[in-house]
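Enquirer: Mind having a look at this structure? Questions to follow.
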Amino acid sequence: MSAISAEPAAPTGWRLRAADWLEGRAFPYVLIAPMLLTLVVVGVIPFLYTVYLSLHETEFTRVADFNAFANFGELLSDGKFWKSMEVTAVIMVIAVPLQLFLGLGFALLFSRGVVGSRVLSPALLIPSVLAPTVVAMVWKIMLAPQWGFFTHEVIERFGILSGTSIFSEPGSAVAAIILIDVWQWTPFVTLAVFAGLQALPLGPYRAAAVDGASRWHTFRFITLPGVYPILAVLLLIRVIDTFKIFDTIYILTGGGPNDATQTVSVYLYKNVFDYYEVGLAAAAAVVIFILFFIVASLVYRLFSRTLKLF
Amino acid sequence: MYAVPRVRRSWLICGLAICISLLLAACGGDDGDSGGNTGDSKVNASNWTLKSAAAPYKGTEIRVLDEVTGLQPAMKELIPDFEKETGIKVSFELEPHPDVIRKGEADLISGRGAYDAVMIHVAQKGRVLAADAVQFIDDYYDNEALRDPDVKFEDFIQPLTDNATKFGDNRLGFPNWNYNVVWWGRQDLMDDPGEQAAFKKEFGRDLEVPKTLQEVRDFAKFFTRSKGEKLAGKTVERDFPGFVMEGSQLSAATETLDPIYLRQFGGGLWDEDGKPAATSPGNVEAMKLWAEMWKYGPAGQAEMSLIDIPVVMGEGGAASGWIWSDFIFPIDVEGGSQYAGKFVYGGAQPNGEDPETRSTSAQPGTLVIGAGSKNKEATYLFLQWMASKETQDRWVESGAFMPVRKDTLESPAVTDGPRANLYAAVKESLAHGTPWPAGLKLYELFDAVNRMQQAVGQGKASPEDGLASLQSDMEEICGDSCLLPQE
């Protein structure tokens, strides 16, 4: 009768080396492989395909001849593209600082224990967690000409806009889009900064109190530097997000009146889905990516060198 | 002795499994049935029944993408009967207007064939044709095994149907939804004796449904009131517009502007060869009237699209306007709005100065079979069933329908039913409807026209300047011709 081994046979030869390799240096990479593969499939491959499309003539969704940089030439000579960049920049330059400024202000108020802040804090998240289409519908109900609640109760009652409506005029339409973006995202900034404020150490504040520092100096030299990292991250997130603003505008104005609210995202969408200028839209996407890359790198370097962040 | 720890081994197996799953998902796709049946050769015109024609396709599942308006839900209710009779399963998906255009057209043009049939508006015709994305139905229509001998194109409302569904000698499909524009006004205001007397005094005729575009203007002008003025004996609390129409950049305003105004004044966006012709004298005259009509509109007309018009009228916010007739169903129905039952309708009116140019906006929606469909014959049978007299008659019984067949126009529901007034207006609009020809870049043109109509309407450009700017845009978009060659 032969003896039965309780242990499985140990790997030998190439199997041993492979197991060794997997157990050694390769192990961390194997663990992150699924995530990396996902990133490659959903991020890198589509981007490379976009670059490929941007270098080709397209007929509807079909790729035709290689045309080098013709799409880029057409894009950069398209007045509508530059107009959309301008509109996006205006919204971004006004909305993002407002969100950061107001968010910081509200967070400071909350951190001082304003009455009802515990109830308000979770409620603050509501605008930020709403789907952009829902946000658009909420504001449509508020600002629609004739039947909008705000239009009827405020604008008409006090004769603020006579003979026209908010989304009929370029200036007021852009202002309303900025207002809606600020309404939606200031609470998120507030909560993020508020969380940052809670994490600040108390020691410097005690020292400042002992030294007789004023409230302004305490804020200027202790609080603000303490929340710089989170403000920097929020700035980046909001700049990127605002650059992508689409749903709200598309539902409320469709880019009008007269292209006044046509941001880059709306321009891209129209070129792909309304006009089927896929090559041109791909070129625009590549240009925007390069622009983002440059801006993000500059912001990163700025913060890391001057503020010693990251 | 060497052994891989059990925990690490599990991690490795999980990681590899996820990688393989992702790869499979990325590459995946079941090609499914390749189709290719051409019907049962024993079935012909003399013994044709839907059941026998569908026998070879029993068990087939087809996917159809359609638009959701007031019309389609009633048709959807009838589909189980088709499924029961044929054994063909129909997945009938309804999406809102913008989504059915983008989602459906993307599927057609890409050739993926996720949908066997997709509803297209006439304005999409040129694009899907240029992309070879549609299966013409001629082969099926000529195939005795598939063709219902009782479904004939001459039985549909003509020449609208031919203009909308033909391209050269080929057919795209059957007309399914005859979308059309009608005029609507407030009957309760028209019934007011004080308003009747004042109207007669001002215009020298009775206050009734306008018969010409000029009378439409007079009606709008008459009922436009400022805050504090009287309307039907009551003081208005806010400015009251006499007319409301679409004006936003994303609207279908072009689909009213071109057929009802430009073409009726002898103009149009292009000439007979499709060459941009925005600056024609007729267009200038038409835009002058358009600009005048804008003055009688609500303050925010430049941001109003087709969904706003019924809301404004349903809330009593205007005296009259243009409306896509299928948008009336949810508004002019008990409980639909406070003014339900108080509306009166008229076919989109002719130009009183040149009635011979009569043209209105009627844009039939057509369910087309995608070139990428793998179930073309089964899909054809379904579309043919939808267009058949029997199905159309049953649809009429639902109360929310839009005639596509001539015989439906004579049915009691149209001539004597509770919506007889609406259907009389619809019948008139359909008789003079001029659907879009096949143009490659119509949506780019619509964008340009919408910018122009906003500028002219808001007084930011004169009709001449606005049209000159449009001409320049059109030449850039279309080149020499805006139309698709039919050869």
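Here the protein sequences line up with chains A and B, keeping their order. If you read the first sequence in our numbering, its first letter stands for residue 48, the second for the next number, and so on. If you read the second sequence in our numbering, its first letter stands for residue 60, the second for the next number, and so on. Virtual Cβ for every residue (Gly too), placed ideally from N, Cα, C.
(1) Just to confirm before moving on: does the CB-CB distance between residue 238 (chain B) and residue 436 (chain B) stay below 8 Å?
(2) By the criterion of Cβ-Cβ separation under 7 Å, what are the contact partners of residue 233 (chain A) in chain B?
(3) Leaving out five residues before and five after residue 510 (chain B) in sequence, what residues of the same chain have Cβ atoms less than 7 Å from its Cβ?
(4) Is the number of C-beta pairs between the segment 181–196 of chain B and the segment 454–468 of chain B that are closer than 8 Å three or more?
(5) On the three-state DSSP scale, how would you describe residue 295 (chain B)?
(6) Is it right to say residue 50 (chain A) is buried, meaning 16 or more other beta carbons lie within 10 angstroms of its own, or is it exposed?
(7) With distances taken from CA atoms, which of B:337, B:333 and B:301 is nearest residue 354 (chain B)?
(8) Rounding to the nearest angstrom, what Cα-Cα distance links residue 198 (chain A) and residue 191 (chain A) in this structure?
(9) Assign residue 229 (chain B) to one of three DSSP states: helix, strand, or coil.
(10) Per the DSSP calculation, residue 150 (chain B) is bridged to which residue(s)?
(11) Could you round the C-beta distance between residue 408 (chain B) and residue 283 (chain B) to whole angstroms and report it? I think they count as a contact, below 8 Å.
(12) What's the C-alpha gap between residue 374 (chain B) and residue 399 (chain B)?
(13) Sort B:259, B:255, B:267 and B:233 by Cα distance to residue 243 (chain B) and report the nearest one.
(14) Does the distance from the CB of residue 406 (chain B) to the CB of residue 296 (chain B) come in under 8 Å?
(15) According to a CB-to-CB cut-off of less than 7 Å, which residues of the segment 308–322 of chain B neighbour chain A?
(16) Please state if the CB of residue 526 (chain B) and the CB of residue 342 (chain B) are separated by a distance shorter than 8 Å.
(17) Taking contact to mean 3 or more Cβ pairs, one atom from each stretch, closer than 8 Å, check whether the segment 102–115 of chain B and the segment 418–434 of chain B are in contact.
(18) Quickly, what does DSSP pair residue 245 (chain B) with across the bridge? List them, please.
(19) Quick one: is residue 81 (chain B) near chain A, going by C-beta distance under 8 Å?
(20) CB-CB under 8 Å to residue 137 (chain B), same chain, minus the five flanking residues each way: which ones, in chain order?
(21) What span of residues does the alpha helix (DSSP H) with residue 349 (chain B) cover, start to end?
(22) What does the alpha-carbon distance come out to for the pair residue 183 (chain A) and residue 231 (chain A)?
(23) Cutting at 6 Å between CB atoms, please list the residues of its own chain near residue 322 (chain B), excluding the five before and the five after it.
(24) By Cβ distance, which residues of its chain are closer than 7 Å to residue 283 (chain A), with the 5 residues on each side in sequence left out?
(25) What residues from chain A crowd round residue 168 (chain B), counting only those whose CB sits closer than 9 Å?
(26) On the criterion of 16 or more Cβ atoms from any shown chain inside 10 Å, does residue 352 (chain A) qualify as buried, or is it exposed?
(27) List the residues of chain A whose Cβ lies closer than 9 Å to the Cβ of residue 241 (chain B), in chain order.
(28) Would you mind telling me which residues of chain B sit closer than 9 Å to residue 214 (chain A), beta carbon to beta carbon, in chain order?
(29) For residue 115 (chain A), I'd like the list of residues in its chain whose CB is within less than 7 Å of its CB, leaving aside the five on either flank, ordered along the chain.
(30) What are the complete alpha helix (DSSP H) segments, minimum 4 residues, inside the segment 253–279 of chain B?
(31) Tell me, which residues are paired with residue 238 (chain B) by DSSP?
(32) If we count the other Cβ atoms within 10 Å of its Cβ and call it buried at 16 or more, is residue 145 (chain B) buried or exposed?
(33) Could you name each continuous alpha helix (DSSP H) segment of 4 residues or more that falls completely within the segment 148–215 of chain B, going from the start of the chain to the end?
(34) By the three-class DSSP mapping on this structure, what secondary structure does residue 130 (chain A) have?
(35) Return the Cβ separation of residue 540 (chain B) and residue 277 (chain B) in integer angstroms, given the expectation that the two are a contact with Cβ distance under 8 Å.
(36) Would you call residue 281 (chain A) buried or exposed, if buried means 16 or more other Cβ atoms sit within 10 Å of its Cβ?
Expert: Taking the structure as given:
(1) Working through the second sequence from its first residue, we reach residue 238 (chain B) at position 179. Working through the second sequence from its first residue, we reach residue 436 (chain B) at position 377. The answer is no: Cβ separation not under 8 Å.
(2) As a first step, residue 233 (chain A) must be located in the first sequence, where it is residue number 186. By Cβ distance, chain B contributes nothing, its closest Cβ being about 25 Å from residue 233 (chain A), past 7 Å.
(3) Here residue 510 (chain B) is taken as the residue at index 451 of the second sequence, counted from 1. Closer than 7 Å at Cβ, skipping near neighbours: 308.
(4) no
(5) Sequence index remark: in the second sequence, residue 295 (chain B) carries index 236 (1-based). The answer is coil: DSSP assigns residue 295 (chain B) none of H, G, I, E or B.
(6) Within the first sequence, the letter at position 3 stands for residue 50 (chain A). Legend: pLDDT at residue 50 (chain A) = 49, less than 50; position of this residue unreliable, value from coordinates given subsequently. Result: exposed.
(7) Taking the first residue of the second sequence as position 1, residue 354 (chain B) is located at position 295. Per the Cα distances, B:301.
(8) On the first sequence, residue 198 (chain A) is found 151 positions in, with the first residue counted as 1. On the first sequence, residue 191 (chain A) is found 144 positions in, with the first residue counted as 1. Approximately 7 Å between the Cα atoms of the pair.
(9) The residue you call residue 229 (chain B) lines up with position 170 of the second sequence. Residue 229 (chain B): strand per DSSP, three-state reduction.
(10) Taking the second sequence and counting its residues from 1, one reaches residue 150 (chain B) at position 91. B:122, per the DSSP bridge assignment.
(11) For the purposes of this step, residue 408 (chain B) is taken as the residue at position 349 of the second sequence. For the purposes of this step, residue 283 (chain B) is taken as the residue at position 224 of the second sequence. So it is not a contact: roughly 18 Å between Cβ atoms.
(12) Residue 374 (chain B) sits at position 315 when you count from the first residue of the second sequence. Residue 399 (chain B) sits at position 340 when you count from the first residue of the second sequence. C-alpha separation (whole angstroms): 10 Å.
(13) As a working note, residue 243 (chain B) is residue 184 in the second sequence. Ranking the options by Cα distance to residue 243 (chain B), first place goes to B:267.
(14) As a first step, residue 406 (chain B) must be located in the second sequence, where it is residue number 347. As a first step, residue 296 (chain B) must be located in the second sequence, where it is residue number 237. Contact: no.
(15) Correct list: 308 and 309.
(16) Sequence index remark: in the second sequence, residue 342 (chain B) carries index 283 (1-based). Sequence index remark: in the second sequence, residue 526 (chain B) carries index 467 (1-based). With contacts defined as CB atoms closer than 8 Å, residue 342 (chain B) and residue 526 (chain B) qualify as a contacting pair.
(17) In short, these stretches do not touch, since the Cβ pair count stays below three.
(18) Taking the second sequence and counting its residues from 1, the one referred to as residue 245 (chain B) is at position 186. Answer by DSSP bridge pairing, in chain order: B:402.
(19) One-based indexing of the second sequence puts residue 81 (chain B) at position 22. The pLDDT assigned to residue 81 (chain B) is 49, lower than 50, so where the model puts this residue is not dependable; a value taken from the coordinates is nonetheless given after this. Yes, its Cβ sits closer than 8 Å to a Cβ of chain A.
(20) Stepping through the second sequence from its first residue, residue 137 (chain B) is reached at position 78. Excluding residues within five positions, the ones whose Cβ falls inside 8 Å are 450, 453 and 454.
(21) Counting from one through the second sequence, the residue named residue 349 (chain B) turns up at place 290. Looking at the DSSP string, the run of the alpha helix (DSSP H) that includes residue 349 (chain B) is 340–354.
(22) Residue 183 (chain A) sits at position 136 when you count from the first residue of the first sequence. Residue 231 (chain A) sits at position 184 when you count from the first residue of the first sequence. Rounded to whole angstroms, residue 183 (chain A) to residue 231 (chain A) spans 10 Å at the Cα level.
(23) Here the question's residue 322 (chain B) lines up with position 263 in the second sequence. Counting only Cβ-Cβ distances below 6 Å, and skipping sequence neighbours, we find 418.
(24) On the first sequence, position 236 is the one that residue 283 (chain A) refers to. Taking C-beta separations shorter than 7 Å and ignoring five residues to either side along the sequence, the partners of residue 283 (chain A) in its chain run 343 and 346, following chain order.
(25) Within the second sequence, residue 168 (chain B) is the residue found at index 109, counting from 1. The answer, in chain order, is 107, 108, 109 and 323.
(26) On the first sequence, position 305 is the one that residue 352 (chain A) refers to. The residue is exposed, with fewer than 16 neighbouring Cβ atoms inside 10 Å.
(27) The residue you call residue 241 (chain B) lines up with position 182 of the second sequence. Those do not exist, as residue 241 (chain B) stays about 21 Å from chain A at its closest Cβ, beyond 9 Å.
(28) Locating residue 214 (chain A) in the first sequence gives position 167, counting from the first residue. What residue 214 (chain A) touches in chain B: 307, 359, 361 and 362.
(29) Mapped onto the first sequence, residue 115 (chain A) falls at position 68. Hits under 7 Å: 102.
(30) none
(31) Start at 1 with the first residue of the second sequence, and residue 238 (chain B) comes out as number 179. Residue 238 (chain B) pairs with B:422.
(32) Sequence index remark: in the second sequence, residue 145 (chain B) carries index 86 (1-based). Result: buried.
(33) 156–169, 184–189 and 197–200
(34) The sequence position of residue 130 (chain A) within the first sequence is 83, counting from 1. Of the three classes helix, strand and coil, the one that applies to residue 130 (chain A) here is helix, per DSSP.
(35) Stepping through the second sequence from its first residue, residue 540 (chain B) is reached at position 481. Stepping through the second sequence from its first residue, residue 277 (chain B) is reached at position 218. Residue 540 (chain B) to residue 277 (chain B), Cβ: 38 Å. No contact.
(36) On the first sequence, position 234 is the one that residue 281 (chain A) refers to. Looking at its Cβ environment, which holds 16 or more other Cβ atoms inside 10 Å, residue 281 (chain A) is buried.
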